[in-house]
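Novice: So for the sequence shown, the numbering used here puts the first residue at 2; every next one is plus one. Idealized CB from N, CA, C, for every residue including glycine.
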Amino acid sequence: RNAFILYEAIHIASMVVGAFSPNMDFLIACRFVMGVGLGALLVTLFAGFTEYMPGRNRGTWSSRVSFIGNWSYPLCSLIAMGLTPLISAEWNWRVQLLIPAILSLIATAL
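1. Would you kindly work out how many angstroms separate the C-alpha atoms of S22 and N58, rounded to a whole number?
2. Quick one, are the C-beta atoms of A14 and R95 less than 8 Å apart?
3. Work out the CA separation of T109 and I80 for me, nearest whole Å.
4. With C-beta atoms as the reference, is S105 less than 8 Å away from E9?
5. Could you tell me which of C77, R32, P55 and A90 sits nearest to I1, measuring between CA atoms?
6. Taking L39 as the reference, give the member of S89, Q97 and L7 with the closest Cα.
7. When we look at the beta-carbon of A102 and count the other beta-carbons within 10 Å, is it buried (16 or more) or exposed?
8. Could you check the C-alpha separation between G115 and T45 for me, to the nearest Å?
9. Note the first and the last residue of the continuous alpha helix (DSSP H) segment covering F21.
Written as structure tokens, this is what we have:
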């Protein structure tokens with residue numbers, strides 16, 4: 002649980018800081034930290050998930066989680082495609098970092 006909170010905090014903080022980055026170099030550094038936090042978070046969550054799942058159902062539920070997780074990429078792309086025309090060019094990429102940060106905070110609180 003402590004590792005989950007730590008990696009989630011790293012990921013959320015780097016998204017928020019990256020959303021207000023003053024230049025591309027700083028944004029790239031923030032994206033690197035985001036990737037480290039998210040990579041560690043995914044490993045921690047999957048390991049924790051499989052640890053508490055009964056052995057007879059572990060494969061079924063692991064494949065379901067992977068299936069649902071893989072649908073997030075096209076779904077997020079469709080949402081971004083719908084939001085892009087509604088937001089100014091200056092804030093477009095910033096909003097696309099802030100929305101997941103807010104949703105991650107909500108998911109962490111639950």
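Specialist: Concretely, from the data shown:
1. 44 Å
2. no
3. 22 Å
4. The Cβ atoms of S105 and E9 sit closer than 8 Å to each other.
5. In the structure as shown, the chain starts at 2 and stops at 111, and residue 1 therefore has no counterpart that could be examined.
6. L7
7. buried
8. In the structure displayed, the chain extends from 2 to 111; residue 115 sits before or after that span and is not available.
9. Unbroken run through F21: none, as it is neither H nor E.
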